[in-house]
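Below: one structure, written as structure tokens.
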Amino acid sequence: MVGKGLLGQYAGFISRAVGFVLDILIVIGLIWVVNFAITLPLQYFLGFDIKECSIQSPRLLQIVADQRQLFCFAVITTQTLLTLIAGPAYFILFWVMGGQTIGQYIGGVRVVRVDGRKMNFRYSLVRYLGYFVSFFALGLGYLWVLWDDRRQGFQDKLAKTVVVYAWQARQNELLLDRVRARLRMRPKHGGPALTEDELLKLRYVVVDFKLHSEMNGALSSLEELVRRGDLDVVNVIVLVKDEEGSLGLVGISDFSLSGSATTPLIASLDMQALKSGLQLLLQHYPNESFIVAVLVRREMVRRLADELEHLHIGYDVLDMKTVLGVIRDPETAEKTKENPPEG
Numbered sequence: 006m007v008g009k010g011l012l013g014q015y016a017g018f019i020s021r022a023v024g025f026v027l028d029i030l031i032v033i034g035l036i037w038v039v040n041f042a043i044t045l046p047l048q049y050f051l052g053f054d055i056k057e058c059s060i061q062s063p064r065l066l067q068i069v070a071d072q073r074q075l076f077c078f079a080v081i082t083t084q085t086l087l088t089l090i091a092g093p094a095y096f097i098l099f100w101v102m103g104g105q106t107i108g109q110y111i112g113g114v115r116v117v118r119v120d121g122r123k124m125n126f127r128y129s130l131v132r133y134l135g136y137f138v139s140f141f142a143l144g145l146g147y148l149w150v151l152w153d154d155r156r157q158g159f160q161d162k163l164a165k166t167v168v169v170y171a172w173q174a175r176q177n178e179l180l181l182d183r184v185r186a187r188l189r190m191r192p193k194h195g196g197p198a199l200t201e202d203e204l205l206k207l208r209y210v211v212v213d214f215k216l217h218s219e220m221n222g223a224l225s226s227l228e229e230l231v232r233r234g235d236l237d238v239v240n241v242i243v244l245v246k247d248e249e250g251s252l253g254l255v256g257i258s259d260f261s262l263s264g265s266a267t268t269p270l271i272a273s274l275d276m277q278a279l280k281s282g283l284q285l286l287l288q289h290y291p292n293e294s295f296i297v298a299v300l301v302r303r304e305m306v307r308r309l310a311d312e313l314e315h316l317h318i319g320y321d322v323l324d325m326k327t328v329l330g331v332i333r334d335p336e337t338a339e340k341t342k343e344n345p346p347e348g
């Protein structure tokens, strides 16, 4: 079975090839079953043998005039259509339903989008069409998996997907569900609103992750620190940066899973403006990554930094003055891009 040491997250060429060959055999078998299901009843009940049909240069009037020719035309057309849609229907349906085909399930791999979200019809269709691009590129699109850092074939590049080992894919989905559930919880605002001076004492500690598993481990460690009372967090913002560099907000939380903690109101900040400001400040971070921004009081920065260094995770520190400056004057973000903060 699949071992966790194999390329960490991304599935290798052999595992993918095994699943793909199995899928091709399944589709061929499916086509044979469908055609057999059409021809057998016709031959058994009506004595109609499809092999006797001969429509070499069919003319519409001739087909309509000859009932046998018309019947042959209908049967052959039905078989052809079912044969053509069997492949895309099989791959797209299974990808949309569970992210993996039967062959991929046996091979222990799964398809996920680069942003961690579940496959939908559009991404599945693009990925299926990408198979033909890989094929007509003299097979280079399939072999590209051998050299690509993320083990992406041409079909993956086009659809913005990656193929991962199945155990990791399940972890990815559980992580995203857990993160979204966590970030949907609204903290109780029992504390007083922060003044401007108090606001300026806050710091954003920013970390980026290429792999879901890395972010999962880091979030769990921070959550444990908060639970033990060793770290006081104002809030945590999790964003996803896609292949084109666009930032999407996953959510905001204070890590208070019990819902019993209170968080001071940041009354002077509009959350939409805060999100926009952070997006401007975080543009220099790599594409196709998760970005976690932890808002803490100044005295907590060292404690958080020690934990991140213990986990061998690099970080940047943004002071609130810089964040507020970008929110109130977006042009200052250009200067920040030229001189990004250092961790």
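Start counting the sequence shown at 6; every next residue gets the next number (the working numbering). All C-beta atoms, glycine included, are put in the ideal place defined by N, C-alpha and C.
| Asked | Found |
| --- | --- |
| Beta-ladder partner(s) of residue 118, from DSSP | 166 |
| Residue nearest to residue 301 in terms of C-alpha spacing, selected from 112, 324, 85 | 324 |
| Rounded separation between residue 314 and residue 148 - CA only | 38 Å |
| Where the beta strand (DSSP E) containing residue 296 begins and where it ends | 294 to 302 |
| Exposed unless 16 or more other CB atoms sit within 10 angstroms - verdict on residue 152 | exposed |
| Boundaries (first-last residue) of the alpha helix (DSSP H) holding residue 326 | 325 to 333 |
| Sub-7 Å separation of residue 293 and residue 119 beta-carbons | yes |
| DSSP bridge partner residues for residue 214 (one or two, in chain order) | 295 |
| Under 7 Å between C-beta atoms of residue 139 and residue 158 | yes |
| CB contact flag (residue 164, residue 132, <7 Å) | yes |
| Residues that DSSP places opposite residue 252 in a beta bridge | 246 |
| Reduced DSSP secondary structure (H/G/I, E/B, other) of residue 155 | coil |
| Beta-carbon proximity of residue 116 to residue 104, cut-off 7 Å | yes |
| Between the CA atoms of residue 209 and residue 263 - distance to the nearest angstrom | The predicted model places residue 263 with a pLDDT of 40, which falls under 50 and marks its position as unreliable, so this point remains unresolved. |
| Nearest-angstrom Cα separation, counted from residue 144 out to residue 109 | 20 Å |
| Counted within 10 angstroms of its Cβ, other Cβ atoms place residue 21 as buried (16 or more) or exposed | buried |
| Local conformation of residue 321 per DSSP, three classes | strand |
| Residue 136 to residue 35 span [Cα, whole Å] | 19 Å |
| Check whether residue 16 and residue 168 have beta carbons under 7 Å apart | yes |
| Endpoints, the alpha helix (DSSP H) within which residue 289 is located | Run containing residue 289: none; DSSP gives neither H nor E here. |
| Close beta carbons around residue 213, own chain, < 6 Å, minus the five adjacent residues each side | 290, 294, 296 |
| Which listed residue (42, 95, 96) has its alpha carbon closest to that of residue 80 | 42 |
| Residues that residue 349 bridges to, as DSSP identifies them | No answer is possible for residue 349: the residues shown for the chain start at 6 and end at 348. |
| Cβ neighbours of residue 220 in the same chain (closer than 6 Å, five flanking residues each side left out) | 214, 295 |
| Sub-7 Å separation of residue 303 and residue 206 beta-carbons | yes |
| is_contact[residue 115, chain C] using C-beta, thresh 7 Å | No chain C appears in this structure, which consists of one protein chain only. |
| Own chain residues within Cβ distance below 7 Å of residue 32, not counting five before or after | 91, 92, 95 |
| Cβ-Cβ separation, residue 284 to residue 252 (assumed contact under 8 Å), whole Å | 5 Å |
| Local conformation of residue 316 per DSSP, three classes | coil |
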